[in-house]
Each structure stands twice: as structure tokens, then as C-alpha cells.
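Take a look at the structure set out below.
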Amino acid sequence: WVFLEDEWFGGALGSTLWTLIVSGTLLHLTAIPLAFFIQTRLLRYRTALLTVFFLPYLVSTLILQFFFFNFFSNHPDAPVNALLVAIGNFQIFDVKLFSIFFPTKPIEWLGFHGNSPFPNPWLNVLLIWWHYIGWNVLLYDAALQSYPKDQSEAAHMDGANAFQELVHITVPHLRPMIFFATTLTVVTAIAESGDVSNYMYYLAFSSTGDFGAACVMGVVLLILTQAMVWGIWYFICQAPSLSLEKDEQTR
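Take the sequence shown: its letters are residues 166 to 416, numbered as in this note's numbering.
What follows is the structure in C-alpha cells.
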């Protein structure tokens, strides 16, 4: 019934999965290098930098949405539109030099479902990234406290650069934390930040009060979440139980 008759559930689920994949990938691909750079190059300023990165996570989601909806409003006088349009329309000898790279008309950052605004998908990705980047940097920084310095020194002696050290030493060391952090990202995106959760709330507590449909969608999301977490575990942790069985067989 959910997939065949409800035309909104498929769209909401697709939007949630797209936002999860794009924002989650961007989030962890930036959080790991930032934590590594802070731990290895900016250790003196570690406390201050972690505090600055973590501050957006302490702000309520409603306040963040209010800030973003006003900052990225469709109105020409909104801060982002006003700045971009001013640069795009800047003229020298009646030639708009920057019109190739900047818009000359206001960008519609927000869409509307009735009277309720909702962000552009890429704007939503930016909002999620800015809100959760500090939390993930803090997680990876905590995992790097047990960073193998002897391996790092050996890599430097062999002529490895910072990128090679990050890929071949740091990332394998962070596998347990990567699994934990990405699992939290999946659960949070599906349960709290996605369009599916908003649609389930609408079905259950609107005038129709269709709790049955909302419960069915919850079961579908539970199965989907379990499958995604298992896939993350299998890919990142490389199926440790299977590897142990292989080791026992070789012995």
C-alpha cells in the first residue's frame, strides 16, 4: 500500500535518501581531514577550534532554520541575494564583468508547500553540514587521541606526505569511529531530518489522523535503516566475523 497507493511517500523517501547520501558524504569527507589537521598541525589551538566548530551543534534546529530562511530568502533585499546580485550587476564601462559567475536576478532559494517554506535541496545540504560538522569533528578528534605516533613517524621517515598519511594510516585507524559516526548520521537523517519523518507526522496528527499508514511507514524506515547500517558495517569494518572465520580456517 505504501509504495503503490501513496504518491507522496516515494517522493519523500527519495528526497530523504538523496539528502542523506550527499550531506553525509560531504560531512564525513570534511570532518576527518579537519580533525586530522587539528590534531597534527594545529594542536596548540585545538580547544578553541573545536569550540568554534561545535557551537552550531548547540543551536536549536528551529533557530537554524529561521536564520537560514531569512538569510537565504527569495526576496531581493535578503542578505545573500543582495550580495550576489550586486556582484553580478557590477558594471565597468556598461559591461557586467561578473555576470558569468554571479546571478543578475534574485535566486529562489526556498520553495513553498502552501504557506510553509522549505529549503532548496542544496541549501538543505548546507544547513545539515553546518549544523553537524562540529559534532563529527569532535568525534574524530577524540578517536585520534590514540593515534599511532610510531606509525606516523615511520611514514615521515619513508617520505610520506600528509595526504598519504591520512589515507594509509589515519583512515584505517578511524574505522570504528567512522562506523559509529556514519551510523549516527543515517539514523538522524532518516528519523529526524528527512522529509519522510515530516510526512509521517503530518499523516498521524493531521485532521485525518491516519496512524496506521504512519506506523507502516515507520516499519519500512526501520527495515531500511537496519539494511543501511549493516551495509556500512560490512563496507567499513570489512565483515570482521567473516575474516575471523577465514583466519581460523587458514590456521
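C-beta atoms are modelled at their ideal positions from N, C-alpha and C, and glycine is treated no differently.
Item	Value
Tell me the residue span of the alpha helix (DSSP H) that contains Gly324.	No alpha helix (DSSP H) contains Gly324, which DSSP labels as neither H nor E.
Taking the alpha helix (DSSP H) that Ala213 belongs to, which residues open and close that run?	Arg211 to Leu223
Is it buried or exposed for Met382, if we count other Cβ within 10 angstroms and need 16 for buried?	buried
Kindly indicate which residue of Thr226, Leu214, Leu220 and Pro198 has the alpha-carbon position closest to the one of Ala354.	Thr226
Three Cβ pairs or more, each shorter than 8 Å: is that satisfied between the stretch 258-265 and the stretch 234-245?	no
Since Leu331 and Ala200 are thought to touch, with beta carbons under 8 Å apart, how far apart are those beta carbons, to the nearest angstrom?	About 10 Å separates the two Cβ atoms, so there is no contact after all.
So, under 8 Å CB-CB, Val290 and Leu191 are touching, yes? Tell me the CB distance rounded to an integer number of Å.	7 Å
Go through its chain and collect everything with a Cβ distance to Ala356's Cβ below 7 Å, but skip five positions before and after it.	Ser362
Tell me the rounded alpha-carbon separation between Leu185 and Phe234.	21 Å
Taking Ile203 as the reference, which of Asp375, Thr335 and Thr350 has the closest Cα?	Thr335
DSSP on Ile272, reduced to helix/strand/coil?	coil
Quick check: His338 and Tyr312, are their CB atoms within less than 8 Å of each other?	yes
For the alpha helix (DSSP H) that contains Val351, what are its first and last residues?	Arg340 to Thr353
Buried or exposed, going by whether 16 or more other CB atoms sit within 10 Å of the CB of Phe258?	exposed
Among Gln230, Trp295, Asn301 and Glu318, which has the Cα closest to the Cα of Leu275?	Gln230
Between which two residues does the alpha helix (DSSP H) holding Leu453 run?	Since the displayed the chain opens at 166 and closes at 416, residue 453 lies outside it and no answer follows.
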